[in-house]
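Under this note's numbering, the first residue of the sequence shown carries the number 876, and numbering increases by one thereafter. Working notes for the structure below.
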Amino acid sequence: MRYVSNLSILNDYIENEKMAAKLSDWLKLKWPRIVAQALQRYPTFDEFSEFVKEEAFIMNPDISQNLSQERQHDRKHQRPENKTLKTFQVTREEKHHQVLTQCGYCWLKNHPTADC
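Given below as structure tokens:
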């Protein structure tokens, strides 16, 4: 109602009753209590939608908790990506004083990893 003025028709008690008829049996029994508490007026659509939202949360409190727990569980059991440093080994041969690199992929000497 705050954003679309033409939806104010939903504040009408006849329209509200049509929507209330589509509720589950449990909520159909609870809605008249809300109507009785309104005293001398029929609840607005905002009150009706707030009622439905609260009841949905009461009936399903574990949904959001279960989803977050599943995500945390999945993260714990996922294999972490390689968090080790990928390095190559540089050795010196004393006879030739030549620097030899060892490939980090196949672990053979005399060529860098980029060539592999």
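The beta carbon of each residue, even a glycine, is placed where N, CA and C say it ideally should be. Keep in mind that this is a model prediction, so the values were computed, not measured.
Buried or exposed by the 16-neighbour rule on C-beta atoms within 10 Å, applied to residue i
i	result
phenylalanine 1026	Residue 1026 is absent from the model: the chain starts at 876 and stops at 991.
asparagine 881	exposed
asparagine 985	exposed
Euclidean distance between Cα positions of residue i and residue j
i	j	result
leucine 902	methionine 894	11 Å
leucine 885	tryptophan 906	16 Å
asparagine 935	glycine 979	52 Å
glutamate 969	leucine 983	Annotation note: pLDDT 49 at glutamate 969 (below 50); position unreliable, coordinate value reported separately. Rounded to the nearest angstrom, the two C-alpha atoms are 19 Å apart.
aspartate 900	lysine 928	16 Å
aspartate 917	serine 883	Rather than aspartate, the amino acid found at residue 917 in this sequence is tyrosine. The alpha-carbon atoms of tyrosine 917 and serine 883 are separated by roughly 14 Å.
lysine 897	alanine 911	19 Å
glutamate 930	aspartate 887	22 Å
isoleucine 889	serine 924	15 Å
lysine 904	tyrosine 878	What sits at residue 904 in the sequence shown is leucine, not lysine. When rounded, the distance between both Cα atoms is 31 Å.
Cβ neighbours of residue i in the same chain (closer than 8 Å, five flanking residues each side left out)
i	result
glutamate 922	Ile909, Ala913
Inter-residue CB distance, residue i and residue j (contact presumed, cutoff 8 Å)
i	j	result
asparagine 891	phenylalanine 920	7 Å
Proximal residues to residue i (C-beta, below 7 Å), its chain only, five neighbours per side dropped
i	result
cysteine 991	Cys978, Tyr980, Cys981
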